[in-house]
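A short write-up of the structure that comes next.
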Amino acid sequence: MKQKCSSNRRVLVLGLDGAGKTKFVSCFHPNANPRDTVMDPAPTVGFCVKSVPIGDTCFDIWDVGGAVDGRSYWREFLLDIDVVVWVVDSSAAERFFESRCALHRFLRHPETRGLPVIIIASKQDCRSAIPPEDVFRAMGVDIHKHNEFNIIGTSLPSTGERKGIWQAYKMITRMTPNYMNRIHHIRAVENKVNNAKQEKVKRGDRALVY
Numbered sequence: 000m001k002q003k004c005s006s007n008r009r010v011l012v013l014g015l016d017g018a019g020k021t022k023f024v025s026c027f028h029p030n031a032n033p034r035d036t037v038m039d040p041a042p043t044v045g046f047c048v049k050s051v052p053i054g055d056t057c058f059d060i061w062d063v064g065g066a067v068d069g070r071s072y073w074r075e076f077l078l079d080i081d082v083v084v085w086v087v088d089s090s091a092a093e094r095f096f097e098s099r100c101a102l103h104r105f106l107r108h109p110e111t112r113g114l115p116v117i118i119i120a121s122k123q124d125c126r127s128a129i130p131p132e133d134v135f136r137a138m139g140v141d142i143h144k145h146n147e148f149n150i151i152g153t154s155l156p157s158t159g160e161r162k163g164i165w166q167a168y169k170m171i172t173r174m175t176p177n178y179m180n181r182i183h184h185i186r187a188v189e190n191k192v193n194n195a196k197q198e199k200v201k202r203g204d205r206a207l208v209y
């Protein structure tokens, strides 16, 4: 019998290629045992969608590939998204700057305004892993004042105890978009466009006004 959900959460999972996005998503399922064996998944080509009912909430999780040639399409997945999960390989400090730049470019899109962002510091079980708080600082997200940010460290070995998934589930459930922030931004953009049209009319440049 299909489980009925009283609420729905749309989650967009992004990050660089090899960051651990797909493994994070594969561990996100009902009745998960933190000691179950989890195979390393193949890299995501394009995107995949996973619907997961947990409790009375259905999570529609969009796992989008992080290869360089596909990052320009990330914004196409923002429609009706409730939470963005940004996955960073905490054991690959040499790619922190690349991840930071990709995240900042993504957050410049007006559709991201008001969306909560959870940064996942993945692979915390690796010897070279950087602590979550240092990963958070490396992302430099404090300049983005219109988003709420949180950080979670995860350890998702193929065998043995996994850590961080339950905390991520609770945080995804709790965090909600700042809809008023998004509405104000949309209105501001509309006003700017209208003002530009009015200025063109005043200059007699009516041919350019649509």
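The numbers in numbering that gives the first Met the number 0 rise by one with no breaks, and the one at position 86 of the sequence shown is 85. Note that CB positions come from ideal geometry on N, CA and C, so glycine has one too.
Taking a contact to mean a Cβ-Cβ separation below 8 Å, would you say V12 touches V63 in this structure? Along the sequence shown, read from residue 1 onward, the residue named residue 12 stands at position 13. Along the sequence shown, read from residue 1 onward, the residue named residue 63 stands at position 64. In contact: V12 and V63 (Cβ atoms closer than 8 Å).
Where the beta strand (DSSP E) through S5 begins and ends: Translated into positions along the sequence shown, residue 5 becomes position 6. Note, S5: premise wrong, no beta strand (DSSP E); not H, not E.
Can you list, in chain order, the residues of its chain whose CB lies under 6 Å from that of S6, leaving out five sequence neighbours each side? Here residue 6 refers to the residue found at position 7 of the sequence shown. Result list for S6: T56, in chain order.
Just checking: is the beta-carbon of I60 within a distance shorter than 8 Å of some beta-carbon in chain B? No chain B appears in the structure shown, which is made up of a single protein chain.
For the stretch 148-179, list the alpha helix (DSSP H) runs that are entirely contained and at least 4 residues long, ordered along the chain. 164-173
I'd like the list of long-range same chain contacts for K162, defined as Cβ closer than 6 Å, with 5 residues on each side in sequence excluded. One-based indexing of the sequence shown puts residue 162 at position 163. Contacts found: S154.
List the endpoints of the continuous alpha helix (DSSP H) containing V134. Residue numbering aside, residue 134 sits at position 135 when the sequence shown is read from its first letter. Start and end: 131-138.
Measuring alpha carbon to alpha carbon, tell me which residue in G17, R202, M174, L77 is nearest V44. Working through the sequence shown from its first residue, we reach residue 44 at position 45. Ranking the options by Cα distance to V44, first place goes to G17.
When A101, Q166, F23, S25 are compared against D68, the one with the closest alpha-carbon: For the purposes of this step, residue 68 is taken as the residue at position 69 of the sequence shown. Per the Cα distances, A101.
Could you give the DSSP three-state label for G14: helix, strand or coil? As a first step, residue 14 is located in the sequence shown; it is residue number 15 there, counting from the start. G14: strand per DSSP, three-state reduction.
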